[in-house]
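Comments concern the structure below.
Numbering (this note's numbering), first residue to last: 240 to 630.
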């Protein structure tokens, strides 16, 4: 009997780690683009969670390393046999710096972006195939009216999903806007258990861009010592400043449509979401979209510059990529100031020529919205948690 139990266990593990097992038909749709139709009353799909190693081929497993935009097996010392496009698509590269344990959702890191429509009933099956870790999923921004059991808070709204088990979340997709889902146990979110959650509105309040992308910002450190992890902020880490040479047009902030604001950059705080458009009206070329922390580097010894970069390349441009050391920020002057939105303070130093727009100046363009006001408010208090001094 003991030998039989061991054999069955081995067969089970073999099935769970076979290539693309999460796409087998019996598991239902895997939350791919197009899963939710605009006229569907109910949208149903599945998320499967597992541990994976970055810079590792899927089947058979082998370490890889990058060179000139291609991946090669680690033992290919002459870089003679690059992986095929299909093989490369199955490798979780992250930043390409060595191999690291992450959490994949439907084989992706981070997880797939789920796109649905306002007021649809969402039915999402979450299957946990991590070997020893329990998990839950929180649907950030969803109001969960009448469905608190689907809020994803471990030991409060639900029991954690144990290894090998499946839990079904059922809730109404509201309000509309850009949001995200993420793990709600331990540091699983920082390991990759998160993804975009886009709720399209019933009524179109603004023109749709020709090309749309979803950008998720998350800490990624090579130093994972306890002290480094301890210093992270609770709800998504530090404030970040995002800027682009073309500038931005803010169309929605944290789930609410706003009247258009033209800015050079904006500050995004932990847990916030913004929809913006970039007007591609510059000289054809390659530009950087830069995200950097707004911490005071002068008070750190040695100074630590925290930034993330993305390349915005015009069609027809050569494939040479910009070097960070040779790029320049927009030149801010009194005649051409660099307007910054969502400042947690009222102003930058006057010599920066960077006027601040605080969030309260944004006006909604949703004429059909009906907000339920809180009655009998005695006093409103503002707490400044991040910066010294008075508000």
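Beta carbons: idealized from backbone N, C-alpha and C, even for Gly.
Cβ-Cβ separation between residue 399 and residue 374: approximately 6 angstroms, consistent with a contact (criterion under 8 angstroms). Boundaries of the alpha helix (DSSP H) around residue 325: 324-328.
Taken through DSSP and simplified to helix, strand or coil, residue 512 comes out as coil. Listed as beta-bridge partners of residue 306 by DSSP are 309. Here residue 349 is buried: its Cβ has 16 or more other Cβ atoms, across all protein chains shown, within 10 Å.
If you draw a straight line from the Cα of residue 401 to the Cα of residue 288, it is about 11 angstroms long. Judged by pairs of C-beta atoms under 8 angstroms, the stretch 374-389 touches the stretch 430-438, as three or more such pairs exist.
Residue pairing of residue 362 in beta bridges, as defined by DSSP: 283 and 409. The C-beta of residue 453 has fewer than 16 other C-beta atoms within 10 Å across all chains shown, which makes the residue exposed.
In this model, residue 290 and residue 431 are separated by some 10 angstroms (Cα to Cα). With a 10 Å radius around the Cβ and a threshold of 16 neighbouring Cβ atoms, residue 544 comes out exposed. For the 8 angstroms CB-CB criterion, residue 281 and residue 360 form a contact. In terms of Cα proximity to residue 299, the closest of 309, 552 and 326 is 326. Residues of the same chain with a CB within less than 6 angstroms of the CB of residue 387, apart from the 5 flanking positions on each side, are 396 in chain order. Residue nearest to residue 514 within the set 455, 584 and 324 is 455 (criterion: CA-CA distance). Closest in C-alpha terms to residue 424, from the list 415, 392 and 551, comes 392. A straight line joining the alpha-carbon of residue 601 with that of residue 526 spans about 28 angstroms. Excluding sequence positions up to five before and after residue 277, its CB lies within less than 8 angstroms of the CB of 356 and 439, all in the same chain and listed in chain order.
Per DSSP, residue 417 is one residue of the beta strand (DSSP E) stretching across 416-422. By the C-beta density criterion, residue 570 is exposed, having fewer than 16 other C-beta atoms within 10 angstroms. For residue 552, the enclosing beta strand (DSSP E) covers residues 546-552. Across the structure, residue 329 and residue 338 are spaced so that their CA atoms are roughly 15 angstroms apart. Inclusion of residue 503 and residue 577 in the CB contact set at 8 angstroms is warranted, their separation being smaller than that value.
Leaving aside the five residues that flank residue 523 on each side, the residues in its chain whose CB is nearer than 7 angstroms to its CB run, in chain order, 553, 555 and 556. A direct Cα-Cα distance of roughly 43 angstroms separates residue 310 from residue 583.
Within a 10 Å sphere around the beta-carbon of residue 546 sit fewer than 16 other beta-carbons, which makes this residue exposed. With 16 or more other Cβ atoms from the protein chains shown falling within 10 Å of its own Cβ, residue 421 counts as buried.
For residue 272 and residue 284, the gap between their C-alpha atoms comes out near 11 angstroms. Setting aside the 5 residues that flank it on each side, residue 419 is surrounded in the same chain by 379, 380, 433, 434, 435, 436, 455 and 512, each with a C-beta closer than 8 angstroms to its C-beta; the list follows chain order. Within the DSSP secondary-structure output, residue 295 pairs in a beta bridge with 302. Residue 289 is bridged by DSSP to 343.
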